[in-house]
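The block underneath contains the structure these notes are about, expressed in structure tokens.
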Amino acid sequence: MSRGSEKPDESPKWMSFRTLLVSSMLLRVFLIIYGEWQDSHMEVRYTDIDYTVFSDAASLMASGESPYKRTTYRYSPLLALLLVPNTIIHRSWGKFLFSASDLLVGLFIREILKLRKVPEKVCTVSVMVWLLNPFTFTIGTRGNCEPIVCAMILWIIISLMKGNLSQAAFWYGLVVHFRVYPIIYALPIILVLDSKLFRSGHKPPLEDWNTHTSSTDKKTLRLKSLFSRERIMFGLISGGVFLACNAVSFYFYGHEFLHEALLYHLTRTDP
Numbered sequence: 324m325s326r327g328s329e330k331p332d333e334s335p336k337w338m339s340f341r342t343l344l345v346s347s348m349l350l351r352v353f354l355i356i357y358g359e360w361q362d363s364h365m366e367v368r369y370t371d372i373d374y375t376v377f378s379d380a381a382s383l384m385a386s387g388e389s390p391y392k393r394t395t396y397r398y399s400p401l402l403a404l405l406l407v408p409n410t411i412i413h414r415s416w417g418k419f420l421f422s423a424s425d426l427l428v429g430l431f432i433r434e435i436l437k438l439r440k441v442p443e444k445v446c447t448v449s450v451m452v453w454l455l456n457p458f459t460f461t462i463g464t465r466g467n468c469e470p471i472v473c474a475m476i477l478w479i480i481i482s483l484m485k486g487n488l489s490q491a492a493f494w495y496g497l498v499v500h501f502r503v504y505p506i507i508y509a510l511p512i513i514l515v516l517d518s519k520l521f522r523s524g525h526k527p528p529l530e531d532w533n534t535h536t537s538s539t540d541k542k543t544l545r546l547k548s549l550f551s552r553e554r555i556m557f558g559l560i561s562g563g564v565f566l567a568c569n570a571v572s573f574y575f576y577g578h579e580f581l582h583e584a585l586l587y588h589l590t591r592t593d594p
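Just so you know, we're using our numbering here: the sequence shown kicks off at 324 and counts up by one.
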């Protein structure tokens, strides 16, 4: 086929999405293996200190004890539960889990761009910026849990773009329980759930999200739209999931959970 007959948005084979995904996966596997070697042979460890905290908490949970017996473990017990295989299968289990979540973020970035009808070449380059970014691929391979949070947040965006309100609300309640700070995304989500633009079960017209109302009865319209059916449903579902997760955690771990996983983050003062 002549060069002039190639599609303008067609990516070269060396940078196809599949090739990018496989190479990114192999890179992360290599870094995890290398990290094990560096931890054993060098004074400066590759593994994030927080990963040791996660692993110790998971080990305590596996033995039937509270993960909060591990000092400085200030996360949801769900994180420790996910890392229980660290003590059963291999200590690097969590790194593989976090790195897989990092790859999932790449897939979700592509899905979001596809929903926006972005050309394939631009999609691939955009995903490449994430997957081959030294900052991002070292986070998961060193044992930081943030890729899981990123994946859940992007899935919430995808769910909203597809009109799946209940699914987005479920995952939002779960991610806020998991790491608390995604509560900051509540305002933009509420703004997106405009009753004139968003209908559960239908794809919202994203290009119209900036549309403003007419000047007629603006205050009344704003008040009504503030308490729209979509916003109330999202609040009830996400709030219910958040409270249910916290209730289960409190049932098993009591005030230790309440203080370490929730109240601590309201009063912490990082240097």
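The beta carbon of each residue, even a glycine, is placed where N, CA and C say it ideally should be.
Keep in mind it's a predicted model, so treat the numbers as computed, not measured.
Counting of Cβ neighbours within 10 angstroms places S572 among the buried residues, the total reaching 16 or more. Secondary structure of G466 (DSSP, three-state): coil. Contact between V376 and Y396 holds, with the beta-carbon distance rounding to 5 Å and staying under 8 Å.
Nearest C-alpha to I480 among Y357, A491, D517: A491. F353 counts as exposed, since fewer than 16 other C-beta atoms from the protein chains shown sit within 10 angstroms of its C-beta. By alpha-carbon distance to I372, the top candidate from W360, T394, G466 is G466.
V367 carries a coil assignment under DSSP once its states are collapsed to helix, strand and coil. With fewer than 16 other Cβ atoms inside 10 Å of its own Cβ, K437 counts as exposed. Counting along the chain, the unbroken alpha helix (DSSP H) around S489 starts and ends at 488 to 502. The shortest C-alpha to C-alpha distance from L566 to any of V515, F501, S382 is the one to F501. For Q361 and M484, the gap between their C-alpha atoms comes out near 43 Å.
The Cβ atoms of I471 and S449 lie no closer than 8 Å to each other. In this structure, I560 places its C-beta atom within 8 Å of the C-beta atom of G496.
Pairing G463 with F419, the inter-Cα distance amounts to about 8 Å. For K437, the enclosing alpha helix (DSSP H) stretches over residues 416 to 438. Cβ neighbours of A403 within its own chain (closer than 8 Å, five residues either side excluded): F377, A380, A381, L383, M384, P390, Y396.
In the displayed model, F565 falls within a helix according to three-state DSSP. The DSSP-derived three-state label of L516 is coil.
At a Cβ-Cβ threshold of 8 Å, Y504 and I476 do not count as neighbours.
Where F377 is concerned, the enclosing alpha helix (DSSP H) starts and stops at 372 to 385. Per DSSP, reduced to three states, the secondary structure at I411 is helical. The closest CA to that of Y357, considering only H578, T342, S415, E388, is found on S415.
M348 and L426 do touch by the CB rule: their CB atoms are close to 6 Å apart, below 8 Å. By the Cβ neighbour-count rule, G577 is exposed, with fewer than 16 other Cβ atoms within 10 Å of its own.
The three-state secondary structure of F458, taken from DSSP, is helix.
In the displayed model, P442 falls within coil according to three-state DSSP, outside both helix and strand. Here T370 is buried. Its C-beta has 16 or more other C-beta atoms within 10 Å. Here DSSP, grouped into helix, strand and coil, assigns K485 to coil.
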